[in-house]
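Read the structure below first, then the notes.
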């Protein structure tokens with residue numbers, strides 16, 4: 420199960436979906452793409468360098484002190500992650 424937590428100035432995404440075997444798990448892949456797109460969009464479109472850590476099975480990004488434009492990108496991330504969680508509720512949970 421992938422869990423997404425937004426609190427205390429951070430977004431934390433952790434776990435593995437378990438939808439399919441590693442390398443073929445479309446749920447993990449979709450979440451990974453959203454995370455990577457969020458970071459690259461903040462860097463490329465906003466010109467900010469977000470504080471984040473991306474490891475196998477875990478992602479943390481600091482959301483405090485981000486610009487209004489970066490906050491908009493985070494809102495977009497949550498739209499996408501909610502779509503995935505609604506489609507695959509047994510594999511993604513937003514806390």
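Residue numbers (the working numbering): 420 to 514.
Where a beta carbon is used, it is the ideal one built from N, C-alpha and C, also for glycine.
Anticipated Cβ contact below 8 Å, residue i with residue j, distance rounded
{"i": "residue 429", "j": "residue 465", "result": "Not really, about 18 Å apart at Cβ, beyond 8 Å."}
{"i": "residue 511", "j": "residue 452", "result": "Contact flag wrong, Cβ pair sits at about 13 Å."}
{"i": "residue 476", "j": "residue 442", "result": "Contact flag wrong, Cβ pair sits at about 14 Å."}
{"i": "residue 432", "j": "residue 497", "result": "Rounded, the Cβ-Cβ distance is 11 Å, inconsistent with contact."}
Extent of the continuous beta strand (DSSP E) to which residue i belongs
{"i": "residue 479", "result": "477 to 481"}
{"i": "residue 505", "result": "First-last for residue 505: 487 to 506, but that is the alpha helix (DSSP H), not the beta strand (DSSP E)."}
Boundaries (first-last residue) of the alpha helix (DSSP H) holding residue i
{"i": "residue 464", "result": "From DSSP, residue 464 is part of no alpha helix (DSSP H); its letter is neither H nor E."}
Distance, residue j Cα to residue i Cα
{"i": "residue 491", "j": "residue 461", "result": "10 Å"}
With 16 other Cβ atoms within 10 Å as the buried cut-off, status of residue i
{"i": "residue 454", "result": "buried"}
{"i": "residue 423", "result": "buried"}
In DSSP terms, what residue i is bridged to
{"i": "residue 514", "result": "Partner(s): none; residue 514 has no beta bridge."}
{"i": "residue 471", "result": "480"}
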